[in-house]
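Protein chains in written order, with the numbering used here: chain Z, 1 to 212; chain U, 1001 to 1281; chain Y, 2001 to 2391; chain R, 3001 to 3391; chain V, 4001 to 4221.
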Amino acid sequence: MTWIFENWERFWEVTEVHLRLSVVPVLIGFVLAIPLGWWASRSQTARAILFPFANILFTIPSIALIVITPVLLGVKILDEINVIVPLAVYTLALMIRSVADALSAVPGNVVAAANAMGFRPLRRFLTVDFPLALPVTIAGLRVATMSNISMVSVGALVGLGGYGQLFTEGYQTDHTEKVLAGLIGTVVLAVLADGLLLLIGRLLTPWARAGR
Amino acid sequence: GDPLTGDGKTDPAPTDTIVVGSANFPESRLLSEIYAEALSAKGIKVSKKPNIGNRELYFKGVQDGSIDLIPEYTGVLLKHVNKEAPEVGADEVYAALKKALPAGLIVLDKSSAEDKDAVVVTKQIAAQYSLKSIDDLVPYCKDLVFGGPPEFQNRPDGLPGLKAKYACEFKEFKALDVGGPLTVAGLKDNTVQAADLFTTDAAIKANEFVVLEDPKNVFAAQNVLPLINEKKASQQVRDTLNAISKKLDTKTLLELNQKLSSPDKPEPEKVAKEWLASAGI
Amino acid sequence: MPGYAERVKVFGIYIQGDPIGVVVTTGGIRRVIEFRAVTKRFEDGTIAVDELDLTVEAGTITVFVGPSGCGKTTSLRMVNRMIDPTSGTILVDGKDVLTVDPPTLRRGIGYVIQQAGLFPHRTVLDNIATVPLLSGWDKRKARTRAAELLEIVGLDANFGKRYPAQLSGGQQQRVGVARALAADPPVLLMDEPFSAVDPVVREDLQNELLRLQAELDKTIVFVTHDIDEALKLGERVAVFQTGGHLAQYARPTELLAAPANDFVASFVGRDRGYRTLTFLHADVPVHPVTTAKLGERVTVTDWTLVVDETNRPKGWLSGVDGEVEVAEKDLISGGSLYDGSTLRGALDAALSSPSALGVVVDDVGAVTGVVKADDVIQALAKARAAGEVPK
Amino acid sequence: MPGYAERVKVFGIYIQGDPIGVVVTTGGIRRVIEFRAVTKRFEDGTIAVDELDLTVEAGTITVFVGPSGCGKTTSLRMVNRMIDPTSGTILVDGKDVLTVDPPTLRRGIGYVIQQAGLFPHRTVLDNIATVPLLSGWDKRKARTRAAELLEIVGLDANFGKRYPAQLSGGQQQRVGVARALAADPPVLLMDEPFSAVDPVVREDLQNELLRLQAELDKTIVFVTHDIDEALKLGERVAVFQTGGHLAQYARPTELLAAPANDFVASFVGRDRGYRTLTFLHADVPVHPVTTAKLGERVTVTDWTLVVDETNRPKGWLSGVDGEVEVAEKDLISGGSLYDGSTLRGALDAALSSPSALGVVVDDVGAVTGVVKADDVIQALAKARAAGEVPK
Amino acid sequence: MGGWLFDPAHWSGTTGIPVRLAEHLGYTLLTLLIAAVIAIPLGAFVGHTGKGGFVIVGLSNALRALPTTAVLILVVLWAGLGDFPVYVALVLLAIPPIMAGTYAGVRAVDPVTVDAARGVGMRESGVLLQVEIPNALPLIYGGFRGAALQVVATATIAAYTGAGGLGRLVFDGLALQEFGQMLAGAVLVALLAVLVDLGFAGLQRLTVSPGLRPVGTGGKR
Ligand SMILES: Nc1ncnc2c1ncn2[C@@H]1O[C@H](COP(=O)(O)OP(=O)(O)OP(=O)(O)O)[C@@H](O)[C@H]1O
Ligand SMILES: Nc1ncnc2c1ncn2[C@@H]1O[C@H](COP(=O)(O)OP(=O)(O)OP(=O)(O)O)[C@@H](O)[C@H]1O
Ligand SMILES: [Mg+2]
Ligand SMILES: [Mg+2]
């Protein structure tokens, strides 16, 4: 802990990077997962294509994906894109399933009621299906955010990676405290992010706590 | 670059920020801190990008402009840009390196500080086989396990070099890390009997490891020097960095490394500042 | 908010709001929903509805009844195009529904489904306001309308802010009905709306629906598999047979008196004769009865009805010898009371009375006389002779 | 496997298997379940059962009935210690249930819950064999017993291999009953076991239960909120009032004739008089009737009953002038038939008949004569006079 | 990449692909076994009693946030090299999904079914072992297979501490800038993940009661 206080500036610097590298991919992955998850919730074919694909994406070791991305994208080697893209891909892989499951779990009679009242598809999706899918979606988002925050560290392999920097340095100089500092930072960040998502979820779904 | 200096002159405006990178091992990190602190003390804007993996990675970074300046070693850098380069002596290597670098990249003056790869064994092994140089090792190579960074298997100044020049083929190669804690630990617990470490590694002294001599010069000269993007190398920058190289010798480097790994684990930035102050730069 | 509920009470049928959608009621008997040779065959080959020909009259409740899987739901859902028929035509007010864009069509047709199907994420008020908002009403107007409907279906205004999960099953059903009524659609489709609630609440809801229908004069198609519910609610009842076949389409009395085939007869079930009496209005002679008040000393020779100060029945004294003082403890509790409505009530009052005399009471519950079972039997015979009971 | 089902038919009451658990029936009337001043107050302060005193007699079906939330389930579940009372004592065959370890107690008491509560991961046969296996029977014996029970509850042997999800609601209920019967417990607790199935299947299940009870002679406590079901199944009925209060505990006829208070009267509902007839066995005179066969030429002066070759009723011909040929098309379909069982059937036959004459048929459906409504009324009066109808 | 992968030289010897595959599979299976032994009883117990659910969910989320590399490094720094740090890191990774799946599975068992289990006289252990767990199996497998995928993918980092497994290909390829080798490693890992998942899917089919399979419209009432 003392390391954090003595080197506050550096700690804050890696924290900032870590935060950016975890939030941006989650947002991108999540936004992309919504239409794909929707598709998967409606079509058996889409499921058959998307789910195995997402599974395989998820099984590619993050180390390999992060190192290969710069080669594939051809952008500057130290660009944060090189971490953001693979992490967004992981989030997408996780969230397609979450979103699809959440949408499939919307009670059939509610959907039928919406149709019967004359909702058109887009409006129904935005005002009925999606809000009702939120609790499950947010639960998925929490998991995705957690694993993202933990995975950012791998970016240290390519000179990025927030707290991952502290792990590498601490390791090489046999400096336990530095590694611990990174670990604590990661966990605190994760707990805060989790709490924030929980809070957002509660604010967005007041009905979920009504009754019982 | 600065849009106001669009005439392509080599001398860049002093307002340009210099991005100082480092490889992901402590000595590189320290050297980059020394460069960065010295430059910023001269009023030059500096930003740091530490721990950028290995050479294969950061060299691309220097080429694509992600970073502008990074500490380097003459021999390995030469081998990196020209695999077949035959030079081994310090000055030949330096001269060859200057020629071999791609356009836009230059190296400044080399320091006398050298940190080269070396075959290292424990005191016990050295005593058991009475080893002093790699030559003494040759009869036992086939019984021993060698540890080093994964790339050591393919590098011309790695296993291929040892085989070519000493006819030494080890029983097995174990991929560890780049002269880091893994390699040290491997030696200590006898997982490997010989390993590739860097000569300035504080662990050598601390663990009483024995550095074997390299009479056939498999490992080329490895003088520390700055690799820099030519566009960023203003006169002031050159002067500052050259001044550092003048003061930096192998002994200093060893001391600094020992300081870094001392029990209170000072930050490289702090060690760099102290040294700069004591060296009067 | 005193306004609306009162107006309803005072003016009878008065509903605010613009009629919307494609269908507009104009009063008078008009054929509102017509099924013409409608068949629905699902992809897997199931024939859910088989050549259905049926006309639902405007301003009435028509009930579709039948065993599970006989095609009731399918028939209903073809009206608002939740399902499209394989062949045949469905006309709403003479217009083929297939020519209308489904969302537009549906906004003009209220739909109430089993277990209400409320939106769990919206408050009760917002649930009710859904269709008006979809149809482009402004928010304030839609809310006012929703609050009015809350009262119409008998819920307190403070329910408006709750979420569906905070309501009981019966309350949810009421909200479901209010939501379907919100845009004042002339047609209401109700698919087993009350099947999830317990029998007591269910009876309440049925009575509410009859009251509402009397006030609002909608064309209602109501699906159930409970024949009692069908007979109670339906002006006409369509009995479906497994295989999507319409077995009989008739008024409840006809169904009871003359089931078209064995299937209908067994589906309508036992007590057909007794239940027929429900639909016959009484013309039974009311006989005088000896009454006595509590505490009086009377000579009881035959069955004597004991009443209170306001002439309400308390119980019977059977014939005893000599003079007695009328005491609570000697009373034999009486059967059900007859309020002058149907023959069924009259017969039951007579059958359930220990004296075999059914007590007749007026609006305020005061005794006006007694009826006898024999008279009911004769009234039935008279009604039969007059052709009031279908053959 | 022809063995068992046949034996059941031939020998009437014959059930294999060892009686187990703490309670053993010994035949004869004995008090099996006693509630003594039992109160249950939940942590949140709800009083679910309030000072309940009640004795369930051995070998009978006792029904707990009442509106939702009145404490029926809570009372039932205290018997097998799914819930423990706050105060008071429950004795099963004189033994305080609180002194018995719950799992042991429960293995000796069959428990059937709403929606069956079958184990979805076990086959039907394994579901039924659960309690025997828990009680340490060997596997083969438990399976054989399960297969027998499958037949007893009227399911084909090939259902044994299916999983619960592959059964209809009614079939699941039967399996639930079979599971509860498996270890031949002398006591059965049934909590709204038939509420999830449709009315037709429900009636089947009720009849099955009555048949089973006649054969097996268990002590059954049955919970329902349907008063009709209660009156049909219960030898005694306990009517609970909201607040966990026992309003009346009596035989169905008493309940109909003399409800203890207004709550019971309104809960028992309308048609009390008519329904009382269900419990009265007929002693109505059967009158001769003029019959005619299809195709015959007859002179019809009064209502004539047309029958087929085997003397089964086809319909009525009303009085016409002169001689006619009896043709199918002229027939007026007849009302319900009377098989000689209860007064209710006799009255309904008369009321539903277009001729006001209820057709009486024998076991094979052949016409034996007609009954008149008047006669039923008189039979009722006679039964009353004889004290058969409680006051 | 194809070149590297299909070069016969890379398919033999003590550092050949089959050896690496076997090592990788070894890490994966032992990790899953240890994690299951820890996580399933915990999740099942908490799911059964209904107490501490908040702790379980919070704990699994916190564990998910632990960077595997950091855990690995810390344990190496404390306990030295070897397989132990690898197992610690991987087991910590595998616990959250298995525990969450078990917990959710047990919780999701229809309360009516659980009530029936007590009603027929099962003891609490019977309720858990004979009813709740068998019914929770589909969700337990869900969590377990999720964990398996992650472990297969992450066992790569064993190579970080000099140990074997397919991570060797990735790390060596990275160090040598041999993208062929690295890609071969990544592809083999993905392939192994798919195979492992198929294996567990088969196991699931064998061990989960057919009564719990989603039934088509044909079977269900
Ligand atoms: N989408 C569908 N695909 C195939 N068959 C269907 C579909 N929907 C309904 N069916 C079948 O069509 C028949 C009629 O179904 P429908 O839902 O109309 O019956 P119902 O009378 O409403 O029954 P219930 O009383 O059970 O609601 C049934 O056999 C049913 O299984
Ligand atoms: N575990 C509990 N905690 C608190 N209150 C309870 C609990 N279980 C039941 N109650 C309350 O006790 C009362 C009686 O419940 P019980 O389930 O016995 O009613 P019931 O007669 O079976 O009703 P239903 O017909 O709805 O099944 C109700 O008010 C109910 O809300
Ligand atoms: Mg239906
Ligand atoms: Mg209950």
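Cβ coordinates follow ideal geometry from the N, Cα and C atoms, glycine included.
### Residues that Leu2091 of chain Y bridges to, as DSSP identifies them
According to DSSP, residue pairing for Leu2091 of chain Y in a beta bridge involves Y:Glu2034 and Y:Asp2096.
### Query
Starting from Asp953 of chain U and walking both ways along the beta strand (DSSP E), at which residues does that stretch end?
Since the first residue of chain U shown is 1001 and the last is 1281, residue 953 of chain U is not available in this structure.
### Message
Counting beta carbon pairs with one atom in the stretch 4138 to 4151 of chain V and one in the stretch 4030 to 4048 of chain V, are three or more of them shorter than 8 angstroms?
### Response
Touching, yes.
### Task
Could you tell me whether the Cβ of Ser150 of chain Z comes closer than 7 angstroms to any Cβ of chain V?
Output row for Ser150 of chain Z: interface = yes.
### Task
Grab the span of the beta strand (DSSP E) containing Gln3248 of chain R for me, first residue to last.
First-last of the beta strand (DSSP E) with Gln3248 of chain R: His3245 to Ala3250.
### the stretch 1100 to 1115 of chain U in contact with the stretch 1207 to 1227 of chain U per 3-pair CB rule at 8 angstroms
Output reads yes: the stretch 1207 to 1227 of chain U touches the stretch 1100 to 1115 of chain U.
### Task
Tell me, please, whether the stretch 2161 to 2175 of chain Y touches the stretch 2135 to 2146 of chain Y by the rule of three or more beta-carbon pairs shorter than 8 angstroms.
Not touching, per the Cβ criterion.
### Task
May I ask you to list, following chain order, the residues of the stretch 1062 to 1078 of chain U that have a beta carbon less than 8 angstroms from some beta carbon of chain Z?
Cβ proximity to chain Z below 8 angstroms picks out Asp1064, Gly1065, Ser1066 and Ile1067 from the stretch 1062 to 1078 of chain U.
### Task
Quick one: which unbroken beta strand (DSSP E) runs of 3-plus residues sit fully inside the stretch 1148 to 1197 of chain U? Chain order, please.
Fully enclosed beta strand (DSSP E) runs of 3 or longer: 1172 to 1175.
### Query
Is there contact between the stretch 81 to 93 of chain Z and the stretch 154 to 166 of chain Z, where contact requires at least three CB pairs shorter than 8 angstroms?
When Cβ pairs closer than 8 angstroms are counted between the two stretches, the stretch 81 to 93 of chain Z is seen to touch the stretch 154 to 166 of chain Z, the count reaching three or more.
### Message
Suppose the cutoff is 8 angstroms on Cβ atoms and the five residues either side in sequence are ignored; what does the same chain contact list for Ile2029 of chain Y look like?
### Response
Unreliable positioning characterises Ile2029 of chain Y in this predicted model, as indicated by a pLDDT of 37, which lies under 50. A coordinate reading is not provided.
### Query
When you compare only the Cα positions, how much space is there between Leu4092 of chain V and Tyr4027 of chain V?
A straight line joining the alpha-carbon of Leu4092 of chain V with that of Tyr4027 of chain V spans about 13 angstroms.
### Message
Can you tell me whether Pro1215 of chain U is buried or exposed? The criterion is at least 16 other CB atoms within 10 Å of its CB, across all chains shown.
### Response
It is exposed - the Cβ of Pro1215 of chain U has fewer than 16 other Cβ atoms within 10 Å.
### Task
Would you mind sorting Asn2207 of chain Y into buried or exposed? The rule is 16 or more other CB atoms within 10 Å of its CB.
In this structure Asn2207 of chain Y is exposed. Its beta-carbon is surrounded by fewer than 16 other beta-carbon atoms within 10 angstroms.
### Task
Report the neighbours of Ala4175 of chain V on chain U: residues whose CB is nearer than 7 angstroms to its CB, in chain order.
Listed along chain U are Asn1054, Pro1149, Pro1150 and Glu1151, each with a C-beta nearer than 7 angstroms to that of Ala4175 of chain V.
### Query
Exposed or buried, what is Ser200 of chain Z when buried is set at 16 or more other beta-carbons lying within 10 Å of its beta-carbon?
Ser is not the amino acid found at residue 200 of chain Z; the sequence shown has Ile there. With fewer than 16 other Cβ atoms within 10 Å, it is exposed.
### Message
Let me check understanding here. Comparing Cα to Cα, which of U:Leu1162, U:Ile1244 and U:Ser1262 lies closest to Ala1206 of chain U?
### Response
Considering only alpha carbons, the answer is U:Ser1262.
### Query
Within the present structure, is the beta-carbon of Thr2073 of chain Y separated from the nearest heavy atom of ligand 3 by less than 6 angstroms?
Because some heavy atom of ligand 3 lies under 6 angstroms away, the Cβ of Thr2073 of chain Y counts as near it: yes.
### For His2287 of chain Y, the nearest candidate out of Y:Leu2337, Y:Val2065, Y:Met2082 and Y:Val2360 (CA to CA)
Ranked by Cα distance from His2287 of chain Y, the first of Y:Leu2337, Y:Val2065, Y:Met2082 and Y:Val2360 is Y:Val2360.
### Query
Counting along the chain, where does the beta strand (DSSP E) carrying Trp2316 of chain Y start and finish?
Segment Pro2313 to Leu2317, the beta strand (DSSP E) holding Trp2316 of chain Y.
### Reference Gln4150 of chain V; option with closest CA among Z:Ile138, Z:Ile49 and Z:Phe58
Between Gln4150 of chain V and the set Z:Ile138, Z:Ile49 and Z:Phe58, the nearest pair of CA atoms involves Z:Phe58.
### Query
If the cut is a Cβ gap below 7 angstroms, which residues of chain Z does Thr2130 of chain Y touch?
Result: Met117.
### Message
Suppose the cutoff is 7 angstroms on Cβ atoms and the five residues either side in sequence are ignored; what does the same chain contact list for Ile1034 of chain U look like?
### Response
The answer, listed in chain order, is Ile1244, Ala1272, Trp1275 and Leu1276.
### Query
Based on the DSSP output, what are the partners of Phe3064 of chain R in its beta bridges?
Paired residues: R:Val3223 and R:Ala3238.
### Query
Can you find at least 3 beta carbon pairs, one from the stretch 3375 to 3383 of chain R and one from the stretch 3319 to 3334 of chain R, that sit closer than 8 angstroms?
Too few Cβ pairs lie closer than 8 angstroms, so no.
### Query
Sorry if obvious, but does the Cβ on Thr3046 of chain R come closer than 6 angstroms to a heavy atom of ligand 2?
For ligand 2, at least one heavy atom lies less than 6 angstroms from the Cβ of Thr3046 of chain R.
### Task
Quick one: list the residues of chain Z neighbouring Ser1261 of chain U, beta-carbon separation under 8 angstroms, in chain order.
By Cβ distance, chain Z contributes Thr173 and Asp174.
#### Entry: Range of the contiguous alpha helix (DSSP H) that encloses Glu2148 of chain Y
For Glu2148 of chain Y, the enclosing alpha helix (DSSP H) covers residues Lys2139 to Ile2152.
### C-alpha distance - Tyr2163 of chain Y paired with Val128 of chain Z, whole-angstrom precision
Taking the CA atoms as reference points, Tyr2163 of chain Y sits about 15 angstroms from Val128 of chain Z.
### Task
Return yes when the Cβ of Ala2350 of chain Y is within less than 7 angstroms of the Cβ of Gly2358 of chain Y, no when it is not.
Yes; because the gap between Cβ atoms is below 7 angstroms, this pair is in contact.
### Task
Tell me, please, which residues DSSP counts as bridged to Ala3292 of chain R.
The partner list for Ala3292 of chain R (beta bridge, DSSP) reads R:Val3306.
### Query
Counting Cβ pairs, one atom from each stretch, are 3 or more of them under 8 angstroms apart for the stretch 3213 to 3223 of chain R and the stretch 3062 to 3076 of chain R?
Touching, per the Cβ criterion.
### Query
Just checking my contact of Val152 of chain Z with Gly164 of chain Z at CB under 8 angstroms: how many whole Å lie between their CB atoms?
Sure, about 7 angstroms apart at Cβ, within 8 angstroms.
### Task
Check the Cβ-Cβ distances between Gly2169 of chain Y and every residue of chain Z, and say whether any is below 7 angstroms.
At a cut-off of 7 angstroms, the C-beta of Gly2169 of chain Y has no neighbouring C-beta in chain Z.
### Task
Have a look at Gln3213 of chain R and Gly2117 of chain Y and give me their C-alpha separation to the nearest angstrom.
Rounded to the nearest angstrom, the two C-alpha atoms are 40 angstroms apart.
### Query
Any C-beta of chain V sitting closer than 7 angstroms to the C-beta of Pro135 of chain Z?
So, not an interface residue.
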